[in-house]
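The listed protein sequences correspond, in order, to chains A and B.
Mapping of the first sequence onto our numbering: position 210 corresponds to residue 210, and the numbering continues sequentially without gaps.
Just remember that our numbering sits 1000 ahead of the position in the second sequence, which is counted from 1.
Working notes for the structure below.
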Amino acid sequence: MTDNKKKNSVEVSPESFVSMVLHAGQNPTTVVHGLLLGSFSGNDKVVITKAIPVCHETPTKPLLEIALGIVSASADGKDVVVGWYTAPERLTDTQPGPVALRIAANLGSDDASKEPVLLVLDNAALADCLKGDDSSKDAVIKAFGKDFGQQWMDPLDKITVTKESKARAAAASAFSNADIVIVDLVNHLEDDGAADWMTNTALTKHIAKVAP
Amino acid sequence: MGPDDDLPTLLQKKDHLNVLRYIRVHQLREPEIVTEHGALLLGGKDLKRRLSDESARLAALEQIALAALDLQNHELAETCLNQIRTVVGKDPARFRILLARCLEAASDKDGALVIYDELLQSNPSNLMALKRKYCLAESTEDRVAALNAYLQQNMADSAGWYEMAKLRSTMGDFGGASFALEEVVLGCPIDAQLHVQLAECYATTAGMENLVLARKHMAQAVELDPTNKRALFGLVSVSNAYLEEVASASKKQTIDDHSVVVAKELVKHGAEKLLKQYKGSKMYPSVQTLLSKYTKGL
């Protein structure tokens, strides 16, 4: 057993990237949180295929239970829960906060090859991305794995967004498109419209067009 | 402004003064409407036109200044400040608060803090200055200290307690959040959403007593708003959590059998109402699968 734990590499699909960025961008004055679905590949790779928006407030245990419960009940067997994402409330905040860390820890299981990943969005870089500004060198999304203190604060450097430049362009164009609205679980529970929070057809169509 | 006048009516009538009044009274955040109608009310972007009611004009200028800051239009905000200063001078506390807010928006935090500290020295219970100092605080410790200072001066402010609840939740302190939300519920006892939030905080803190309280508040929420999906799901979740806590309780702990019966009935009630609401929708199969896990064996 080596002293250096093998770090996971993380691959983010274009649709998950855009979904997370839009969720944060469309809720600019609050924190956002959501679930990550995908698969564990080999012993050291996490592939994220879907980001499911859960809330634009600090999540509580019942809310998390409902989110996980409905997502598991709708599972098609392909994708499993692979992690959690969050964007801090304030522009200059870069830390995920204790609640996101606790959730990431609780999503884990005893299987060390299936360690969930915590994605934290960088608000300043995100704002540039939504404006269509690609000059910033800062990554919009940072990934974290379990560290020796059992917290999810160990940075995972190998994080890639598939078709990144197209995904960024898709995020910027989706942001200015009033028909693409990210509905999270809280929106679904509190609004009478009962809009779908797990699949976003308008977003999927947009990604298929702009980042095929 | 008549009792039947709502915002769309006032906008249509081009009743600029009452548009501003309506937005102020209802505490809406509509900076574009305020700046547009404000300019129309006060004779264009120089805002020089006098009104018969001078205090109404000053209130409008203050409102337009704050809306301008929301839109990052510092030029318009400065025009408002100059117009107000011409009438009242630079000494009144209300003017100095507005000036400090303009400094905040222009990223001059230190300048703003100097003004707030000055105002607090002459009046330690200047609530607006205490509020703004809280907004300027950055680290969690500073935010907690500033909000405590505000609440000490204004213990009946439900909005302040709600802010404390949100801050505590962000810190992961759901026990503290419950304490704060209890104060809010005292002020607004028939707001179902508050009971839901309080119940969720109690359920997150966990423990037998907290889960009983969670169940009671969730049930109250459902009684106040029977179709609230968050309350219904919450009712199922927290009642189930109580039953799980009972099942794993030590034999020495006295469990109220009636309480257990109530919890079971509440799980069934919540599940039944939710299935009715989701019937015919795309989510029905997954909701049904999920709820059957809770109601199995009851």
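Virtual Cβ for every residue (Gly too), placed ideally from N, Cα, C.
- Under the three-state reduction of DSSP output, residue 1092 (chain B) falls in the coil class, being neither helix nor strand.
- By a beta-carbon distance limit of 8 Å, residue 119 (chain A) does not contact residue 79 (chain A). Their separation comes to about 16 Å.
- The criterion of a C-beta distance shorter than 9 Å is not satisfied by residue 1152 (chain B) and residue 1127 (chain B).
- At least one CB atom of chain A sits nearer than 9 Å to the CB of residue 1170 (chain B).
- At a cut-off of 9 Å, the C-beta of residue 1228 (chain B) has a neighbouring C-beta in chain A.
- Distance check between residue 1038 (chain B) and each of B:1149, B:1059, B:1053, B:1025 places B:1059 closest, using alpha-carbon atoms only.
- DSSP places residue 1026 (chain B) outside both helix and strand once states are collapsed to three, so it counts as coil.
- At a cut-off of 9 Å between C-beta atoms, residue 1188 (chain B) does not count as an interface residue with respect to chain A.
- For residue 1187 (chain B), the CB contacts under 6 Å within the same chain, skipping 5 residues up- and downstream, are 1158 in chain order.
- Interface criterion met: the Cβ of residue 186 (chain A) is under 9 Å from a Cβ in chain B.
- With the criterion set as a beta carbon lying under 7 Å from some beta carbon of chain A, the members of the region 1223-1250 of chain B are 1229, 1230, 1233, 1234, 1237, 1238, in sequence order.
- Taken residue by residue, none of the region 1069-1085 of chain B has a beta-carbon sitting less than 7 Å from a beta-carbon on chain A.
- Taking C-beta separations shorter than 6 Å and ignoring five residues to either side along the sequence, the partners of residue 1067 (chain B) in its chain run 1031, 1034, 1035, following chain order.
- In this structure, residue 1020 (chain B) sits near residue 1063 (chain B), with a CB-CB distance shorter than 9 Å.
- When CB distances to chain A are screened at a threshold of 7 Å, not a single residue of the region 1129-1144 of chain B falls below it.
- Not flagged as an interface residue toward chain B: residue 128 (chain A), since no C-beta distance is shorter than 9 Å.
- The alpha carbon of residue 1176 (chain B) has as its nearest neighbour, out of B:1185, B:1164, B:1184, the alpha carbon of B:1164.
- Chain order gives no chain A residues near residue 1102 (chain B), where near means a beta carbon separation below 9 Å; the closest approach is about 19 Å.
- Looking at the backbone, the Cα of residue 56 (chain A) and that of residue 69 (chain A) are separated by about 19 Å.
- Not one beta carbon of chain B lies nearer than 9 Å to the beta carbon of residue 154 (chain A).
- Spanning the alpha carbons of residue 1270 (chain B) and residue 1257 (chain B) requires a straight line of approximately 20 Å.
- From the beta-carbon of residue 70 (chain A), the residues of chain B found nearer than 8 Å are 1283, 1286, 1287, 1290.
- In this structure, DSSP gives residue 40 (chain A) an extended state, which the three-state scheme calls strand.
- The beta-carbon of residue 1204 (chain B) is placed less than 9 Å from the nearest beta-carbon of chain A.
- Each residue's CA atom was taken as its position, placing residue 122 (chain A) and residue 50 (chain A) some 19 Å apart.
- Interface flag for residue 63 (chain A) against chain B is set, since a Cβ pair is found closer than 9 Å.
- Here DSSP, grouped into helix, strand and coil, assigns residue 1110 (chain B) to helix.
- Contact between residue 1017 (chain B) and residue 1040 (chain B) does not hold, since the beta-carbon distance rounds to 10 Å and is not under 8 Å.
- Residue 98 (chain A) has a beta carbon lying within less than 9 Å of a beta carbon in chain B.
- Neighbours of residue 1200 (chain B) in chain A, taken as residues at a C-beta separation under 8 Å, are given in chain order as 60, 61, 62, 63.
- Residue-level contact by beta carbon fails for residue 107 (chain A) and chain B, as no gap is shorter than 9 Å.
- In this structure, the alpha-carbon of residue 132 (chain A) lies about 49 Å from that of residue 1242 (chain B).
- At a Cβ-Cβ threshold of 9 Å, residue 1259 (chain B) and residue 1212 (chain B) count as neighbours.
- Following the DSSP letters along the chain, one finds residue 84 (chain A) in no alpha helix (DSSP H) but inside the beta strand (DSSP E) bounded by residues 80-87.
- When DSSP states are grouped into helix, strand and coil, residue 1142 (chain B) belongs to the helix group.
- In the DSSP assignment, residue 1176 (chain B) falls within the unbroken alpha helix (DSSP H) covering 1174-1187.
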